[in-house]
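Engineer: Before we start, here is the structure in question, set down as structure tokens.
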Amino acid sequence: VSSALGAAEPLSVFVDTYGTGSKSDQEILALVKKHFDFRPGMIGKNLDLKRGGNKRYQKTAAYGHFGRDDPDFTWETVKQLE
Numbered sequence: 031v032s033s034a035l036g037a038a039e040p041l042s043v044f045v046d047t048y049g050t051g052s053k054s055d056q057e058i059l060a061l062v063k064k065h066f067d068f069r070p071g072m073i074g075k076n077l078d079l080k081r082g083g084n085k086r087y088q089k090t091a092a093y094g095h096f097g098r099d100d101p102d103f104t105w106e107t108v109k110q111l112e
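Using the working numbering, you'd call the opening residue of the sequence shown number 31 and step up by one each time.
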């Protein structure tokens, strides 16, 4: 996802599975665009990023932001798409 300050919609959304996807990159891109709202305010709302204040993010200072099983890391929740 590529965005610009002051732009409501992303400049671009790109998918590349490097040939490993069970669907084509174009099919996955269509699903992503259909099911996710990439406007900055909606990303924050959909991921509940303001919940818990800054203490929630202190945990990301050690061991990173991704690949962790922690209920505070709402960005790790898998959303099934059809």
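Backbone N, C-alpha and C fix where the C-beta goes; we use that ideal spot for every residue, glycine too.
To which residues does DSSP link residue 54 through a beta bridge?
Structural biologist: In DSSP, residue 54 forms no bridge with anything.
Engineer: Quick check: the Cα distance between residue 72 and residue 42, rounded to an integer number of angstroms?
Structural biologist: 16 Å
Engineer: Compare the Cα-Cα distances from residue 106 to each of 93, 82, 77 and report the closest residue.
Structural biologist: Among 93, 82, 77, the Cα nearest to that of residue 106 belongs to 77.
Engineer: Spell out the partners DSSP gives residue 32 in its beta bridges.
Structural biologist: According to DSSP, which records beta bridges pairwise, residue 32 is partnered with 42.
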